[in-house]
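Protein chains in written order, with the numbering used here: chain A, 1 to 286; chain B, 287 to 572.
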């Protein structure tokens, strides 16, 4: 049971968590914070939060659970702002997509890595953003990764885990660097490829005609290119090490594939395509 | 009105066309042909075709419309086989995804480019294949491109156009090379990228774990990597000129993007991502 939940950054991710916990009946009061009072008022009007304060230091007062759902580039300043105002029993977690970056921001913003800070990342979301797109079922059956550090209080980790489980998610713990590698492969690389491909096509002279002949497969493939550009700019910069590693690997494989096409090497093309289809079919069954 | 329709290659594309024309009431008899009699019998059992002959020369006899829906690599042999058996009033068209390749196959298989041959390409399909996946609505509101040549009989083109319109499609004509460029951009490039990305991930040592954390965006992005590997091998080989041109363009843009990440150039990343999102959102509204 959470006495008072404070969500800093009430968009799709924070708003859906608030809705889910409210629906599960595991939270007393929900306080929101963020930069724009009109967005926070919308969250109140939608029943997502009970009240708000644009001053994050005021919003966290008396909260025993603080979830920071702001862009990666804004984490450090939020941590610095809330530190003096946190309740003695407060646990702080976040929803950032790149964990080494958040850990660095916590070290800088809090002045050290506190035992009550639990880095976290819900593997969920849609290409939409904003509190109006939030819904209580977003985390049902989805995975949440926590990356507690050596000095993190196990009780704090357990409290954050219980919160996400109440929202319907499955929680796993792993190391910070491993999280960043896995997410670079499954999320950051596909987003970068989709953004870049649509950009490449959009800069061609016959753009209008090209998109006119785009079929369903293209629409599925490029859906994630509709995601928030600023959020993805921040993710690429925050997880640059792992994203660059995956990009190098992919670019090398793609160069080989282009060479196979140039050489008319049908056997190699078929090997790559068969391997991909087998993996896609095998894993999408689960 | 089509007196007798012969579909050579009764899978998703040919089967869906047969179903649509039957439903529209614009076809007398539908004869199927293909390599495997068990697949053709399945098409009869499903009511997609009336009868079949695995010998394409026998199947086309008396047909006034012949639609060749076989893999690109099999076109030439089919053209060669059916030529002596075609009715005097027969119009032949195809559904191949790369038109220069089909035109070359027609020139070789028919011995010349006949006035009654109309190269065509329905921009439709799913990642599934086979007649069991076919459905009458596949072409509703979808586009079909015809690439008639200089010597193509306008009456033949008109008959093929009327057929696809009866199946619910919008028909446009364009040049062979232009078709291949447009399709390389909107279809062949995304398929190659999706196949290659899933292959890259599947060859990583922690494959199982990586796919476990794949979320909805990944599933959308990679759906087309579930497509038929042999068909896509053939498309890459048949449209190598245009596919390589698009791949070069994309690889150059991706190298620039990687350099922007390496340099921490957030403004450049945001420019690319914003441009992509704007194009995706603008064109997906239509």
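Don't be surprised by glycine CBs; every beta carbon is placed ideally from N, CA and C.
As the structure is a computational prediction, the values presented were derived from the model and not from experiment.
For a cut-off of 8 Å, the C-beta gap from residue 291 of chain B to residue 307 of chain B is around 6 Å, short enough to register as a contact.
Comparing C-alpha distances from residue 240 of chain A to each of A:17, A:58, A:180 shows the shortest one belongs to A:180. Taking every protein chain shown into account, the CB of residue 414 of chain B has fewer than 16 other CB atoms within 10 angstroms, so this residue is exposed.
In the DSSP assignment, residue 123 of chain A falls within the unbroken beta strand (DSSP E) covering 120 to 123. Residue 312 of chain B and residue 389 of chain B do not touch by the CB rule: their CB atoms are close to 27 Å apart, not below 8 Å. Residue 379 of chain B: not part of any alpha helix (DSSP H); member of the beta strand (DSSP E) spanning 377 to 380, first to last residue. Interface flag for residue 187 of chain A against chain B is set, since a Cβ pair is found closer than 8 Å.
Excluding its 5 nearest sequence neighbours in each direction, residue 130 of chain A has C-beta neighbours in its own chain below 7 Å: 11, 12, listed in chain order. For the 8 Å CB-CB criterion, residue 319 of chain B and residue 358 of chain B do not form a contact.
Going by beta carbons, residue 529 of chain B and residue 474 of chain B fall inside the 8 Å limit. The DSSP-derived three-state label of residue 143 of chain A is strand. Here residue 61 of chain A carries a coil assignment [DSSP, helix/strand/coil]. Following the DSSP letters along the chain, one finds residue 82 of chain A inside the alpha helix (DSSP H) bounded by residues 75 to 82. The alpha-carbon of residue 493 of chain B is positioned some 10 Å away from that of residue 186 of chain A.
Sequence-distant Cβ neighbours of residue 451 of chain B in its own chain, meaning closer than 8 Å and more than five residues away, are 457.
Taking the Cα positions, residue 184 of chain A is about 20 Å away from residue 70 of chain A. With respect to chain B, the C-beta atom of residue 104 of chain A has no partner C-beta closer than 8 Å. Residues of the region 514 to 526 of chain B with a C-beta atom less than 7 Å from some C-beta of chain A are 515, 516, 518, 519, 522, 523, 526, listed in chain order.
Along the region 543 to 562 of chain B, going in chain order, the ones with a CB nearer than 7 Å to a CB of chain A are 543, 544, 547, 548, 550, 552, 555, 556, 558, 559, 560, 561, 562. The Cβ-Cβ distance between residue 349 of chain B and residue 317 of chain B falls below 8 Å. The three-state secondary structure of residue 14 of chain A, taken from DSSP, is helix.
Counting only runs that start and end inside the region 160 to 243 of chain A, the alpha helix (DSSP H) elements of at least 4 residues fall at 176 to 183, 189 to 202, 207 to 212, 216 to 222, 229 to 238. Residue 118 of chain A places its beta carbon less than 8 Å from that of residue 146 of chain A. Annotated three-state conformation of residue 568 of chain B is helix, per DSSP. For residue 481 of chain B, the chain A residues whose C-beta falls within less than 7 Å of its own C-beta are 272, 273, 276, listed in chain order.
Judged by DSSP in its simplified three-state form, residue 33 of chain A adopts strand.
Check the Cα spacing between residue 54 of chain A and each of A:159, A:48, A:81: the tightest is with A:81. Contact between residue 476 of chain B and residue 510 of chain B holds: their C-beta atoms lie close to 6 Å from each other, under 8 Å. Around the beta carbon of residue 37 of chain A, a 10 Å sphere encloses fewer than 16 other beta carbons of the protein chains shown; the residue is thus reported as exposed.
Contact between residue 488 of chain B and residue 279 of chain A holds, with the beta-carbon distance rounding to 4 Å and staying under 8 Å.
Residues of the region 490 to 509 of chain B with a C-beta atom less than 9 Å from some C-beta of chain A are 490, 492, 493, 494, 495, 496, 497, 498, 499, 500, 501, 502, 503, 504, 505, 506, 507, 508, 509, listed in chain order. Residue 485 of chain B and residue 220 of chain A do not touch by the CB rule: their CB atoms are close to 18 Å apart, not below 8 Å.
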